[in-house]
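Peer 1: Questions regarding the structure given below will be posed in turn.
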Amino acid sequence: MTEEQTPQQTQPVQPEQPVVAQPVETNKDAKTMAMLCHLLAIFTGFLGPLIIWLIKKDEQPFTNEQGKESLNFQITVLMAMIASGILGVLTCGFGFIIYPAVVIVDIVFCVIATIKVNNGEHYRYPISWRLIK
2 MTEEQTPQQT QPVQPEQPVV AQPVETNKDA KTMAMLCHLL AIFTGFLGPL
52 IIWLIKKDEQ PFTNEQGKES LNFQITVLMA MIASGILGVL TCGFGFIIYP
102 AVVIVDIVFC VIATIKVNNG EHYRYPISWR LIK
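According to the working numbering, the stretch in the sequence shown is residues 2 to 134, in order.
Here you go:
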């Protein structure tokens with residue numbers, strides 16, 4: 002056999018390794034700003050995340066993503082609070098029972114998001130309308 006006619010060696014096909022979730026950015030500033038988007042939402046509603054997102058969205062992709070996520074959740078919470086008030090008026094006060102539940106859910110999810118994002122993980126709220134994309 003000549004060099005041109007030698008059989009080509011085939012390499013065994015390796016199965017793809019599972020992808021392990023790694024923190025997105027090691028930039029401490031980006032993680033801190035993204036964390037503040039979620040933490041400030043507990044105290045300021047959508048205003049804190051809105052300010053941070055508007056300032057840092059072009060500089061830090063992680064803060065951009067988490068800022069939008071926090072804003073979407075806070076807008077959802079605001080709509081639930083408004084609905085609770087309307088329902089409370091229409092039902093002579095019985096609808097106001099929903100309001101404390103909305104506040105508790107807001108605080109719990111914001112704390113979870115703050116911890117996850119501080120670790121550099123992506124976080125998506127399980128109950129949220131994605132209005133800002």
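For glycine and all other residues, C-beta sits at the position ideal for the given N, C-alpha and C. None of the values given here were measured: they were computed from a predicted structure.
In this structure, how does DSSP classify F47 when only helix, strand and coil are distinguished?
Peer 2: coil
Peer 1: Take R125 as the anchor and find which of T92, T33, Q75 has the nearest alpha-carbon.
Peer 2: Q75
Peer 1: Do L72 and I133 have their C-beta atoms closer together than 9 Å?
Peer 2: yes
Peer 1: Within 10 angstroms of the Cβ of L40, are there 16 or more other Cβ atoms? Answer buried if so, exposed if not.
Peer 2: buried
Peer 1: Going along the chain, which residues of its own chain have a beta-carbon closer than 6 Å to the beta-carbon of A22, five neighbours each way excluded?
Peer 2: Unreliable placement is indicated for A22, whose pLDDT of 49 sits below 50; no coordinate value is reported for it.
Peer 1: Quick check on DSSP: helix, strand or coil for P101?
Peer 2: helix
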